[in-house]
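Right, one structure below, let's go through it.
Residue numbers (this note's numbering): 7 to 1107.
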């Protein structure tokens, strides 16, 4: 509607505006619609024109509506709608009425959304979309909608003025009111508080178009509890609905979404409007004053023509068919076994029959054992063992896990042992969610399939197969097993962004023969059951300390395995420096939470894209973005239990000023050093823990395990250990006795006195007892030799070395191996150790078996210590004596080896190191690739820790090698992201000032342009030949939000992107590519606090 149209409006409309109390009120708090004696609104919609369909319905439910709007020039519309809805008998929440002085804003919003949630099918969130309301990052409505999405509330978007939707509603259709507000340039030039602007708004609010549209909007809210209900287009009017760009770009639509797309993607005269509404159960009668519909004939011409034009060539079809056939052939060779609880036996048996009929190799599920029947229980156990052995025989087996609270619920899930056994046997997993519950953390990284509607439950009968839903779910499972399911969904995206660690092997190994510690778990349970408010200052933290070898990590692994409250965990392993990264720790915790808390995942999806937050955030900012803000925003889980985060090995998470505690290589020239030291407080996770705990909601608690280290105690001031293991000698002795007694049951000659002897010699250290038991089982220690065992772990190690190695053999063969193992920053493969020490195949075999249980070859082929205390002991000359191993010699050997390997590889291919895929976890790829990454990550570290002029010369050579330095920059970029050189929202002029501090080609920084709403790479392209002045370039990095490449980044504007345009999955990949091209070389570090407001507030349009 134009201003000219409004000038011709009827006198009746102008009179209506003149007497409207909302329009006349400056505070907009009085009623808009006055209800007459008949109960009908003051402003009635005109009667339906002839030829239109009239639908009547009876309103029987009172809606609870949360009205989300911006405090801008369009807010008068919100109050008009609010009072109209109230006059129709509904309850409407608006902030200006409910948030009084002294009320915490966040608590008020949360209470209102909970009010809507409790209304269930009668709850609505009505969002009025304007640029001011949805501006990033602080738009008034962004937080409200993110919280509403996390509560899974029914959100109804209403587009008032052109604005970008938050991701949480981008896949919903919107109701279009843009023609019901003034949008011409003259009107928008008026002061939003002026009488002239109010007059314009009044005229629009009382126009026939607005009154007719509002009636349709109200009917839509009253009839449907979802914007995607099938009948919405019929009631709202297809001409009043629209799709956001993200919806158009999506290729993953359900049936309702596809129906909406067909209806709304074409607005031509041949579009079809289906009048088959799907009203709520309360809908019954019809009123011609409310809804009118126009039926139109369908047309399939355009759709068919489009399908024909997009058909691939025959050759491509043939190739695709051949690939599909090969994939299916390989899938049918996999062996599958089932694991389930009794309630899922019929489902497992049905799946077995159907999969076997389709050619899959599936082991028949054994029937549930008869309760109390020992023979039946034994037969069931043997059947499980036989199925496991059969599935593992061909090295390609998988366990089909039917997930229910009874099957995987901690601590007594009947399938938990099956999962551990399958992991030990190397099986893969196919988790099927039969009843919603938390996925075990040990397999939380594996994508599961939904079978939650495949069974029908009855109170007095066993679950029955829901035939229609089962058939659909079975087909999805078959598709997944054949490798055709699209796994590039949300979980795959989060896995790629957050790169979580997997601690499956460590948890399984540490809990294999766990015994005792009941007293510790009792103390933990008592702390869990105590209300936070009554437990004092440290109520949110349960801190366990103990000396090395006291069993802290085993206890932590058992907690993860048995406590359902633990939603995320991290183990900082002494032998794996990458687990010492505070950044990786936070990201890994966040990923685990997405597998346990659907509301948490929904909140992350509704906020700013993680692709833009993760690369540019410090550890402190990540804690806020990924833990504090989401956990405070979502509702407490319905089980009313605390949620636990567990961190083990805090001593390895303390950032040290010298070197890299984070696992990333220390930065050297020509890459500028980061500001400050690596020990700065916003990078040290341990230093940040007290403030983190204080900012988490009361239902989130933290379990910490560490040595009683001074550096940790200093950083955790205000917190006190709940349990110090070394001060519970009686309990430790009892636990060790229980462990030894259980472990020696398989040794026929073992007697109680042997158990007592080992327990006394252990002096409270589990590590000692475990090693003695292992030596007995391996035949390296006889029971009659136990009396000669020394006290404590140090004495045992000294005795072991004395009895196994003479001076000559130790000096020439054993000590060099220990020096290298002690110096290595990551576990090394046996072949790599042999290369470092230049050993023959015979010598390699000798050292791999010479250490007994102290050093062993793990499943990944790496030589690992039985416990880190072994390596600490040989590095201490006071305890090791003649068995002392000089770690500096190990650094020298590794540094010289790295230089030799680097030269050999570069000689074969100069770009080998530059083109590597620098996987942050380092657990993927071939051994050769891992070796190359190790060289880039640690070669200079080793050389700088070594002695001798040759090592220092090599340091200088590496520093001057541009290929090596580029490889280090690429590795650091993948490990640390863009945080150190992301400068936030700064101007072009300011970026040029910063670049001028290192005025040479390739100097660069990353910034955000609020004006362009895009990231920007600012860099020096070249120096002027005449003046030497730098020539600056500023390349925008566009985030593509529509089309087949939605979600990626490009240096081309969206309208210029074609199929041939190079795009990047994230910002890091963009910088990585242009570093490889030599365009972006030396990053300008950020020296001042980051300007977090990446988009500046703008006045209402």
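We put the CB at the ideal spot given by N, CA and C, even for glycine.
Remember, it's a predicted structure, so these values are computed and weren't measured experimentally.
Range of the contiguous alpha helix (DSSP H) that encloses residue i
i           : result
residue 452 : Run containing residue 452: none; DSSP gives neither H nor E here.
residue 745 : 735-749
residue 559 : 558-568
residue 99  : Per DSSP, residue 99 belongs to no alpha helix (DSSP H); it is in the beta strand (DSSP E), 97-99.
residue 158 : It is not in any alpha helix (DSSP H) - residue 158 carries neither H nor E in the DSSP assignment.
residue 392 : 380-398
residue 885 : 883-886
residue 705 : Here residue 705 belongs to no alpha helix (DSSP H), and DSSP marks it neither H nor E.
residue 85  : 81-93
Residue nearest to residue i in terms of C-alpha spacing, selected from the options
i            : options             : result
residue 241  : 214, 181, 704, 194  : 181
residue 959  : 972, 532, 945       : 945
residue 125  : 69, 624, 176        : 69
residue 694  : 136, 943, 723       : 723
residue 1    : 405, 578, 553       : Absent from the structure is residue 1, since the part of the chain shown begins at 7 and ends at 1107.
residue 531  : 545, 1071, 521, 345 : 545
residue 79   : 650, 198, 151, 73   : 198
residue 746  : 896, 762, 1023      : 762
residue 1089 : 692, 217, 522, 979  : 979
residue 651  : 93, 517, 952, 596   : 596
residue 6    : 906, 788, 625       : Outside the modelled stretch of the chain, which goes from 7 to 1107, sits residue 6, for which no answer is possible.
residue 743  : 644, 660, 520, 632  : 520
residue 409  : 445, 434, 396       : 445
residue 366  : 357, 247, 952       : 357
residue 830  : 524, 487, 741, 580  : 580
residue 5    : 160, 128, 560       : The requested residue 5 does not occur in the structure, where the chain is confined to residues 7 to 1107.
Simplified DSSP state of residue i, which is helix, strand or coil
i            : result
residue 1060 : helix
residue 404  : strand
residue 375  : coil
residue 287  : Because residue 287 carries a pLDDT of 36, less than 50, the predicted location of this residue cannot be relied on, and no value is offered for it.
residue 710  : strand
residue 425  : helix
residue 1091 : coil
residue 729  : strand
residue 341  : strand
residue 717  : helix
residue 231  : coil
residue 236  : coil
residue 505  : coil
residue 1047 : coil
residue 1066 : coil
residue 939  : helix
residue 774  : helix
residue 248  : strand
residue 1041 : strand
Inter-residue CB distance, residue i and residue j (contact presumed, cutoff 8 Å)
i            : j            : result
residue 629  : residue 698  : 5 Å
residue 353  : residue 471  : 7 Å
residue 156  : residue 501  : That pair is no contact at about 21 Å.
residue 1073 : residue 1026 : Actually they do not touch by this definition, with Cβ atoms about 20 Å apart.
Residue i, enclosing beta strand (DSSP E) - first and last residue
i            : result
residue 957  : That residue, residue 957, is in no beta strand (DSSP E); its alpha helix (DSSP H) goes 955-966.
residue 2    : Past the boundaries of the shown model lies residue 2; the chain is included only from 7 to 1107, so the question cannot be answered.
residue 576  : 572-577
residue 135  : 129-135
residue 1026 : 1020-1029
residue 74   : 70-74
residue 434  : 434-439
residue 357  : Taken as a continuous stretch (DSSP letters only), residue 357 belongs to no beta strand (DSSP E), being part of the alpha helix (DSSP H) at 351-363.
residue 1077 : Careful: residue 1077 lies outside any beta strand (DSSP E), inside the alpha helix (DSSP H) at 1073-1082.
residue 650  : 649-654
Can you list, in chain order, the stretches of the beta strand (DSSP E) that have 3 or more residues and sit fully within the region 808-877? The qualifying runs are 861-863, 868-871.
Give, in chain order, every unbroken run of the beta strand (DSSP E) that is at least 3 residues long and sits entirely within the region 959-1018. Secondary structure within the region 959-1018: the beta strand (DSSP E) runs of 3 or more consecutive residues, fully enclosed, are 1009-1015 (chain order).
Threshold first: 3 residues or longer. Then list the beta strand (DSSP E) segments lying entirely within the region 166-210, N to C. Within the region 166-210, the runs of beta strand (DSSP E) at least 3 residues long that lie entirely inside it are, in chain order, 179-182.
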